[in-house]
Amino acid sequence: MSVIEINNLTKYYGKSRGIEGVNLQVEDGEIFGFIGPNGAGKSTTIRTLLAFIYPTSGNAKIFGMDCFKDSARIKENIGYIPSEVNYYEDMKVKDLLNYSAKFYKKDCSSRIAELGEVFELDMNKRIDALSYGNKKKVAIIQALLHEPKLLILDEPTGGLDPLMQNKFFDILRAENKKGVTIFFSSHILSEVQKLCDRVAIIKDGRILKVEEIEKLRSNKYKKVKVEFRNGDSIEDLKLPNIVNVSMKNRQAEFLYGGQINEIIRKLSQHEIENLWIEEPSLEEIFMHYYEKEVR
Amino acid sequence: MVIYLRELARNRKSFIIWTIALLLSDVLMMFFFPTVYDQSKSFNDIIRQFPEPITSALNLDILNFGDILNYFAYVFQYIILFSGIFAMIFGAGALSREEDEKTVEFLMAKPVTRNYIVSAKLLAVLTYLVLFNITMAVGNFMAFEAVKKDDYSVNLLMIALAGNFLAQVTFAAIGFLISVFVVKSKSVLSVSLGVVLGTYFLSIAAAVSDKLENFKYLTPFEYINPADLVKSGRIEGIYLIIMLCVILLSTVLTYFFYNRKNITV
């Protein structure tokens, strides 16, 4: 069963675009990455899922229930970490966590204590005295304390130092082992890469691609760097299947998606100073998706 | 219950400050009554020398300072103004504050409906208004008993106080509705003050000018004018209906629009 099911979701703020025709399926028990640059529509999608905002058209379901009609019931099993953490400034950390816990029909006190220890959080500090990173820790604990079945995380790692980030990822992996589905939005590819099974790329409000991380890695693209000896340029190669071309002096850099033999044959007809063929990073593969869309 | 209790706790301090400030001003003024009573004849004479628009604007024309209820009615019209501001600020702040301070994202991620949030906040504000009015009733009763010269009708006193309660609920309900659309705390404050002071001056205008007399239907201060209430002993039916309609309509529209609102922080 799909935990999250988004059908043709479109959201306009007046005339300005939020998202357009978004379709997504997040399966039970997977860690799903949601990646795109700032302003691509990640937060809009998440806010619609949580019924903070209503879509212009389309619909969405979580646990098979309608995101808008059954929002309150759905949220019993959702933990949400917002990208920007804003809490009641008159509260201490423990007040906020206890307040949060009261919304759920279970005793969360041991869980709060346990998570507080993992993140080394001072429970008696006032929220408004916390640093950005520490506020984020409160948000993480707040999202986990009622043991939700689905975690919706909107850029959750901002402000966390690498050590805390690792602890956080360990916890997410442990939760996932227990069967928790995770929807992880980020603009940092490396963290999505570390954690996620599948990933959706969003740009300018549209989903460009949904792909398994493994497949992305095993894609046929090679990163090729060629330094020509004389004035030849990349156009002279007349190669199909190349993207992301950049030309600097006599050095060309691009992603090549065709047969390796073919490029070798073409290249051999030119005077070449230097040649590199390597695995592209995921970042570069994504850049390829982004750029393809721009053209 | 969770949000309701939290709302009470959050506004406790400001409730206590408002209540003490208004109760003290009210009771202190009542303690001047014995002095006013002793000189009420010359007081009334002086007032009769004032130009008519001034006396009617301040309700001095129908009041007799030798009577404790009349004196109270004069004092209480200022208390009513500030009670209205207090009610409006509480009403308009309840929902908007979550958005202004961006805590609404936390609240909305909890397993509660928007109706539940509105109801909890309405109930919390209503609770404080009831507490405020009970305090005022007890305080005034004790002050009356302490300073009275003759017997007076406790009934009339309670009707004047009940009028204030109704006006407060009206302002709070309007505040709720406005706060669905205005969420920045600075704007909320200025709109609240604008509505209350605006309607207050409307009531003065209606009293002073015959041409503007029909303004009286637009201002709660006219509906529950304590100078009228301590005389007639009742709030006029038409005013009562207007207030109940405004309260009901504002509340229904608050639910309606809040449920459809896009919460963007």
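Protein chains in written order, with the working numbering: chain V, 239 to 533; chain R, 4 to 268.
Note that the Cβ used here is the ideal one computed from N, Cα and C, for glycine as well.
{"Asked": "Let me check understanding here. Comparing Cα to Cα, which of V:Lys460, V:Glu517 and V:Thr419 lies closest to V:Val481?", "Found": "V:Lys460"}
{"Asked": "Return no unless some Cβ of chain V is closer than 7 Å to the Cβ of R:Val183.", "Found": "no"}
{"Asked": "For the region 280–294 of chain V, list every residue whose C-beta sits within 7 Å of some C-beta in chain R, in sequence order.", "Found": "Leu288, Phe290, Ile291 and Tyr292"}
{"Asked": "For R:Met111, is the classification buried or exposed, using 16 other Cβ atoms within 10 angstroms of its Cβ as the cut-off for buried?", "Found": "buried"}
{"Asked": "Near V:Arg533, which residues of its chain fall below 7 Å by C-beta distance, leaving aside the five closest residues on each side in sequence?", "Found": "Caution applies to V:Arg533, whose pLDDT of 44 falls short of 50 and renders its modelled position unreliable; the value that the coordinates give is listed next. Closer than 7 Å at Cβ, skipping near neighbours: no residue."}
{"Asked": "With burial defined as no fewer than 16 other Cβ atoms inside 10 Å of the residue's Cβ, what is the status of R:Glu10: buried or exposed?", "Found": "buried"}
{"Asked": "Give a yes or no on whether 7 Å exceeds the smallest Cβ distance from R:Glu108 to chain V.", "Found": "yes"}
{"Asked": "Is it true that the region 125–144 of chain R meets the region 225–237 of chain R, where meeting means three or more beta-carbon pairs spaced less than 8 Å apart?", "Found": "no"}
{"Asked": "If you measure from the beta carbon of V:Tyr370 to each beta carbon in chain R, is any gap under 7 Å?", "Found": "no"}
{"Asked": "In terms of alpha-carbon separation, which member of V:Ala412, V:Arg444, V:Glu413 and V:Asp345 lies closest to V:Gly256?", "Found": "V:Arg444"}
{"Asked": "When burial is assigned at 16 or more other CB atoms within 10 Å of the CB, is R:Tyr40 buried or exposed?", "Found": "buried"}
{"Asked": "Going straight from the alpha carbon of R:Val150 to that of R:Leu72, what length do you get?", "Found": "12 Å"}
{"Asked": "Which of the three DSSP states is assigned to R:Gln42 in this structure?", "Found": "coil"}
{"Asked": "Examine chain V for any beta-carbon lying closer than 7 Å to the beta-carbon of R:Asn265, and answer yes or no.", "Found": "yes"}
{"Asked": "Have a look at the DSSP bridge pairing and note the partners of V:Ala438.", "Found": "V:Phe272 and V:Val448"}
{"Asked": "I'd like to know whether the C-beta of V:Lys340 is nearer than 7 Å to at least one C-beta of chain R.", "Found": "yes"}
{"Asked": "Which one or two residues does DSSP pair with V:Gln489 in a beta bridge?", "Found": "V:Glu465 and V:Lys486"}
{"Asked": "For the alpha helix (DSSP H) holding V:Phe422, just list the boundary residues, first then last.", "Found": "First-last for V:Phe422: Thr419 to Ser424, but that is the beta strand (DSSP E), not the alpha helix (DSSP H)."}
{"Asked": "I want to see whether chain R comes within less than 7 Å of V:Lys307, judged by CB atoms only; does it?", "Found": "no"}
{"Asked": "Using a C-beta to C-beta distance shorter than 9 Å, which residues of chain V count as neighbours of R:Val5?", "Found": "Tyr337, Lys340 and Phe341"}
{"Asked": "For the region 256–268 of chain R against the region 100–108 of chain R, do three or more pairs of beta-carbon atoms, one drawn from each stretch, fall closer than 8 Å, so that the two count as touching?", "Found": "yes"}
{"Asked": "Taking the alpha-carbon of V:Ala490 as reference, which of V:Asp470, V:Ile379, V:Arg364 and V:Ser321 has the nearest alpha-carbon?", "Found": "V:Asp470"}
{"Asked": "Below 8 Å on the Cβ atoms is my contact criterion, and I expect V:Ile284 with V:Ile390 to pass it. Report the Cβ-Cβ distance as a whole number of Å.", "Found": "6 Å"}
{"Asked": "Write down every uninterrupted run of the alpha helix (DSSP H) in the region 168–193 of chain R whose length is 4 residues or greater and which is fully enclosed by it, in chain order.", "Found": "none"}
{"Asked": "Where V:His384 and R:Thr116 are concerned, what is the direct C-alpha to C-alpha distance, given to the nearest angstrom?", "Found": "18 Å"}
{"Asked": "Tell me, please, whether the CB atom of V:Tyr250 is closer than 7 Å to any CB atom in chain R?", "Found": "no"}
{"Asked": "How should R:Gln80 be labelled, buried or exposed, when 16 other C-beta atoms within 10 angstroms of its C-beta is the threshold for buried?", "Found": "buried"}
{"Asked": "Please report the straight-line C-alpha distance between R:Ile50 and R:Gln42, rounded to a whole angstrom.", "Found": "12 Å"}
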